[in-house]
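Participant: Residue numbers (our numbering): 3 to 278.
Sharing a structure, written as structure tokens. Questions coming.
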């Protein structure tokens, strides 16, 4: 197992060429946020935007439209009950993030199945939160796409069948291999399982123990993967950035709120970009 270091940032985050335009940095479509959990998809969407994704579309419950436009005017809105529009938006994205605030009811299951059915092999999908639970509960077939799972340890237990106490590298690796995916197992020392290696983040603080942290990370992963060529490095850099920012904020705060990480993210990325 390799320990992540700050070097992953300059390895991944590149200075933007002068001839850039929004299409250069990828289309990210996010799916989630029912009537009760709209904040989750708003945080994930904001994280994708602030990470630098070129175009962000949020497919969510109609009750979240006003909040989305007020909090994040850069994101486009689509109604999660319009499944034909959902198929079109999902199929035209470079990266899809599904799960934050989705819920595990029939509407959430329908949105997940619709999304999975629209994905193409060239696309990347970040599967988080409720989507992981639904896959485990219904034994759903996974789409033919590049898969990134972002479970916390209980969600990983549901998906892999491995109890939290037994979630060692030796036990996790075969389960990851069966998924043919990259898996980020979130904990106080988050581990990232890629097809070729296992990495551990040395960072993290108890100040991060608040709702929305995982949603923010999922959005950051989506934003990083959409714009940086090496997707494994993009995932690693997103995980490292998430906790590095939190640790900096925690030096002066008892609790770090997810939106504070999002707000600082563009300045953090600028400070750690490679100049070549």
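All C-beta atoms, glycine included, are put in the ideal place defined by N, C-alpha and C.
Does DSSP put residue 98 in a helix, a strand or coil?
Facilitator: Strand.
Participant: So residue 128 and residue 99 are supposed to be a Cβ contact under 8 Å. How far apart are they, rounded?
Facilitator: Sure, about 4 Å apart at Cβ, within 8 Å.
Participant: Between the C-alpha atoms of residue 10 and residue 232, what's the straight-line distance to the nearest angstrom?
Facilitator: Approximately 11 Å, taken between the alpha carbons.
Participant: Among the candidates 206, 94 and 213, whose CA atom is the shortest distance from the CA of residue 131?
Facilitator: Closest option to residue 131, Cα to Cα, is 213.
Participant: Can residue 192 and residue 46 be called in contact, C-beta distance under 8 Å?
Facilitator: In this structure, residue 46 does not lie closer than 8 Å to residue 192 by Cβ.
Participant: Once DSSP output is grouped into helix, strand and coil, what is the label at residue 157?
Facilitator: The answer is helix: DSSP assigns residue 157 an H, G or I state.
Participant: With a threshold of 16 other CB atoms inside 10 Å of the CB of residue 277, please say whether the residue is buried or exposed.
Facilitator: It is exposed - the Cβ of residue 277 has fewer than 16 other Cβ atoms within 10 Å.
Participant: Does the beta-carbon distance from residue 48 to residue 221 come in below 8 Å?
Facilitator: In contact: residue 48 and residue 221 (Cβ atoms closer than 8 Å).
Participant: With a CB to CB cut of under 6 Å and the five nearest residues on each side skipped, what residues in its chain are close to residue 210?
Facilitator: Within the same chain, residue 210 has close Cβ partners 248 and 258.
Participant: Determine the DSSP secondary structure at residue 37, reduced to helix, strand or coil.
Facilitator: It is coil, neither helix nor strand.
Participant: Using the DSSP secondary-structure output, state which residues sit across from residue 61 in a beta bridge.
Facilitator: Residue 61 pairs with 33 and 80.
Participant: Can you name, in chain order, every residue of its own chain whose Cβ lies under 7 Å from the Cβ of residue 268, other than the five neighbours on each side?
Facilitator: Around residue 268: 52.
Participant: Quick check: residue 67 and residue 96, are their CB atoms within less than 8 Å of each other?
Facilitator: Against a cut-off of 8 Å, the Cβ pair of residue 96 and residue 67 comes out as no contact.
Participant: For residue 41 versus residue 103, is the C-beta distance shorter than 8 Å?
Facilitator: Yes.
Participant: Can you tell me the Cα-Cα spacing of residue 56 and residue 135, whole angstroms?
Facilitator: So the alpha carbons of these two residues sit roughly 30 Å apart.
Participant: Would you mind giving the Cβ-Cβ distance between residue 15 and residue 32, rounded to the nearest angstrom? I have them listed as a contact below 8 Å.
Facilitator: At roughly 21 Å, the Cβ-Cβ gap does not stay under 8 Å, so residue 15 and residue 32 are not in contact.
Participant: Quick one: grab the DSSP three-state call for residue 125.
Facilitator: In this structure, residue 125 counts as coil in the three-state DSSP scheme.
Participant: Whole angstroms are fine: how far does the CA of residue 64 sit from the CA of residue 149?
Facilitator: Near 27 Å, if we compare the C-alpha coordinates of residue 64 and residue 149.
Participant: Where do the ends of the alpha helix (DSSP H) carrying residue 149 lie?
Facilitator: Looking at the DSSP string, residue 149 is not in any alpha helix (DSSP H); the run it does join, the beta strand (DSSP E), is 148-152.
Participant: Looking only at its chain, what residues have a beta carbon closer than 8 Å to the beta carbon of residue 139, apart from the 5 residues adjacent to it on each side?
Facilitator: For residue 139, where only same-chain residues beyond five positions count, the Cβ hits under 8 Å are 106 and 160.
Participant: From the DSSP output, read off the bridge partner residues of residue 194.
Facilitator: Bridge partners of residue 194: 186 and 201.
Participant: Just to confirm my understanding: we take residue 166, look at its own chain, exclude 5 residues before and 5 after, and list those with CB closer than 6 Å. What are they?
Facilitator: Taken in chain order, the residues that qualify are 155 and 159.
Participant: Is it buried or exposed, residue 34, if we count other Cβ atoms within 10 angstroms and call 16 or more buried?
Facilitator: Per the 10 Å Cβ criterion, buried.
Participant: So, helix, strand or coil for residue 246, using DSSP?
Facilitator: Looking at residue 246 - three-state DSSP - the assignment turns out to be helix.
Participant: Evaluate residue 54 with the Cβ neighbour count: other Cβ atoms within 10 Å of its Cβ, from every protein chain shown; 16 or more gives buried, anything less gives exposed.
Facilitator: Its Cβ being crowded by 16 or more others within 10 Å, residue 54 is buried.
Participant: Looking at the unbroken alpha helix (DSSP H) that takes in residue 217, where does it start and where does it end?
Facilitator: 215-229 is the span of the alpha helix (DSSP H), which, as asked, contains residue 217.
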